[in-house]
Amino acid sequence: MASAVLALPLAAAPVLGLPQPVHEPRDAQQREATVGTATMTADKTLVLRLRSQDGTGAIAEGLFSYAPGDPDYLVVLRHVGPLAPGETVPVRPFADEKGATRAPRR
């Protein structure tokens with residue numbers, strides 16, 4: 000089962016071996032095309048740092064981890080694309096069959 004950490008002090012990320020905070024993409028097109036980053040750790044756990052903003056300007060950030068064997072692991076890995084331990088890649092929005100954007104099931 001995936002785990003979520005929502006109140007992690009960003010300064011603690013390097014100490015805990017977690018990916019660094021998401022840096023804002025420089026251009027508007029890149030900002031709209033991604034919702035965060037995915038990093039594969041040495042044990043092949045996928046760590047997703049995601050961010051969203053609604054129409055009122057409210058911002059939500061989440062840190063999700065998917066260990067090998069998690070029911071959603073392969074779904075997430077296919078979505079983020081090929082990834083090797085130590086690599087970090089941008090994450091595009093998740094979309095369900097009806098086209099609405101959503102994250103993997105919980």
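For the sequence shown, numbering that gives the first Met the number 0 begins at 0 and goes up steadily by one.
Don't be surprised by glycine CBs; every beta carbon is placed ideally from N, CA and C.
Should residue i go down as buried or exposed, given a rule of 16 or more other Cβ atoms within 10 Å for buried?
{"i": "Thr55", "result": "exposed"}
{"i": "Leu73", "result": "exposed"}
Going by DSSP, what residue range makes up the alpha helix (DSSP H) through residue i?
{"i": "Arg91", "result": "Neither: Arg91 is in no alpha helix (DSSP H) and is coded neither H nor E."}
{"i": "Leu73", "result": "Tyr72 to Val79"}
For residue i, I'd like the list of residues in its chain whose CB is within less than 8 Å of its CB, leaving aside the five on either flank, ordered along the chain.
{"i": "Glu86", "result": "Thr38 and Met39"}
{"i": "Val90", "result": "Thr33, Val34, Gly35, Thr36, Ala37, Leu47, Leu49, His78 and Val79"}
Mind checking which residues open and close the beta strand (DSSP E) that includes residue i?
{"i": "Leu49", "result": "Leu45 to Gln52"}
{"i": "Leu62", "result": "Ile58 to Tyr65"}
By DSSP, does residue i sit in helix, in strand, or in coil?
{"i": "Ala37", "result": "strand"}
{"i": "Ala32", "result": "helix"}
Return the chain-ordered list of same chain residues with a C-beta closer than 6 Å to the C-beta of residue i, the five sequence neighbours on each side being excluded.
{"i": "Ala66", "result": "Thr44"}
Beta-carbon within less than 7 Å of residue i's beta-carbon, same chain only, minus the 5 sequence neighbours each way: which residues are those?
{"i": "Gly51", "result": "Note that residue 51 is Ser in the sequence shown, not Gly. Around Ser51: Val34 and Ala59."}
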